[in-house]
Structures are given as structure tokens and as C-alpha cells.
Amino acid sequence: LCTQCHASLLPSNDSRACLPKYALANKLFLGRLPPQFDDVTPMEELACALMRSSIYVYRLYHLTNAQDPFLAKGNSCAFPQPTASTAQILPHTPADIAGTISVVFTGPSKTPPESVLKNVFRIRKNVVSDLLHWLQDHNPLYSGVTIDAARLDMYGSDGALPGIE
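Residue numbers for the sequence shown follow the numbering used here, beginning at 1416 and rising by one.
Given below as C-alpha cells:
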């Protein structure tokens, strides 16, 4: 349990114990996404996220294995961050997402091949659109979100996140 949830479960002098804001009983856990979203990529999730981290670091390694010559590996660190606001217009623009991503490539060339970028940073406009509409219909947190068609048009039909090089 996070500190905030744990604290809400404990009675204190000025308040009684209560259900944590994001507890399953508050119906904010919607279960698994429908099968049509089984292959949603991390970049597609970022495009649809109401809130996100301030930076994502990807480390790509070049391996000598001919079957799988590139490997994405990473660690994650989370720190409490003040939340200024949640997104009211989605999807996020490619520049917004690319601005939070740092890529470290270890290999014989200075840049990873485009095929690697497409695999690791894949984003599909139709999947982002379908996911946003599904979230609006099934998640109360997305009920007031505006889906901006012009922002959707900034994404290609299937490729690497624009701005990742």
C-alpha cells in the first residue's frame, strides 16, 4: 500500500478510517481491457494518459544474437510529484510525449535502426482513437475529456512515435 492509502485506513484524532480514494470498491478499477486492446503499446498508453511521469528513460542494447539483435531494458524509479492538473484534451501531442522520453542506445552505430524505434516506440492512430473512446465510455475519470481530432492526425497509421530519433 502507498502511504496515502495506508493513512486513510487508519483512524486518527481528527478523522475516522475511510476507504482510500482509488480503492477497488470505488469502482475505479475496471478490470482488464477488452481483447481489442491486448496489443496496446506503452506509447499508445502514454498518448491516452490523464497523468504521466515527467521523464521516461529507455536503454536500448545491441546484441550479437541474430534472432533478436536489439533489446530494450530499463529500470523505473518513482518519486512523489506534485500534480498540477490532469489532461483535459487528449491525446497528448507527439512533441509532449517525445519531450518526456530519453533514449540511451548502446551499439556499434550512433543511432538505432528505424525498425528498432518502430518496435519499441510504436504508436497507431486508430488504436489511440479507439482506446480514448472506450475510456470515455467506461471510465468516469475520462468523462470530461475532449478528444482532439487534430492531435490524432499528428500520428501516423503505424510507426514510431514522431520526434523519436
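Glycine residues also receive a C-beta, built at the ideal position from the N, C-alpha and C atoms.
Everything numeric in this text was worked out from a predicted model, so none of it was measured.
* Sub-8 Å separation of S1518 and C1463 beta-carbons -> Per the sequence shown, the amino acid found at residue 1518 is Val instead of Ser. Their beta carbons are not under 8 Å apart, which means V1518 does not touch C1463 by this criterion.
* Asked: So what's I1470 in DSSP terms, helix, strand or just coil?
  -> Here I1470 sits in coil by DSSP.
* To do: Determine the direct distance from the alpha carbon of R1447 to that of A1502, and round the result to whole angstroms.
  => Answer to the nearest angstrom: the Cα atoms are 23 Å apart.
* Asked: Is the CB-CB distance between I1470 and F1536 below 8 Å?
  -> No; because the gap between Cβ atoms is not below 8 Å, this pair is not in contact.
* Asked: Can you tell which of W1549, A1565, A1564, R1566 has its C-alpha closest to the C-alpha of S1558?
  -> Residue W1549 is the option with its Cα nearest to S1558.
* **Minimum C-alpha distance to P1523 - residue among D1563, H1477, Q1451** => That would be H1477, whose Cα lies nearest to the Cα of P1523.
* So which of C1420, A1432, P1577, S1427 has the shortest CA-CA distance to I1516? -> Closest option to I1516, Cα to Cα, is P1577.
* Through-space distance from L1546 to T1418, alpha-carbon basis -> Each residue's Cα considered, the two are about 31 Å apart.
* Between G1593 and S1430, what straight-line distance do the alpha-carbon atoms span, to the nearest angstrom? -> Nothing can be reported for residue 1593, as the shown portion of the chain is limited to 1416 through 1580.
* Asked: Rounded to a whole number of angstroms, what is the C-alpha to C-alpha distance between K1525 and L1424?
  -> Each residue's alpha carbon lies about 51 Å from the other.
* CA-CA distance, E1460 and L1505? -> Spanning the two alpha carbons is a distance of roughly 11 Å.
* Neighbourhood of M1569 by C-beta distance below 8 Å, restricted to the same chain and skipping five residues each side -> Here the set comprises T1508, P1509, P1577.
* **Nearest-angstrom Cα separation, counted from C1433 out to P1426** => Those two C-alpha atoms are separated by around 8 Å.
* Asked: First and last residue of the beta strand (DSSP E) that includes I1516?
  -> First-last of the beta strand (DSSP E) with I1516: 1516-1521.
* Given a threshold of 16 other Cβ atoms within 10 Å of its Cβ, counted over all protein chains shown, does M1458 qualify as buried or as exposed? -> Residue burial is scored here from C-beta neighbours: M1458 has at least 16 other C-beta atoms within 10 angstroms and is therefore classed as buried.
* Anyone know if the C-beta pair for I1562 and T1456 falls short of 8 Å? -> Between I1562 and T1456, the CB-CB gap reaches or exceeds 8 Å.
* To do: Select from D1573, A1564, P1450 the residue whose C-alpha is nearest the C-alpha of S1530.
  => Cα-wise, what sits closest to S1530 is D1573.
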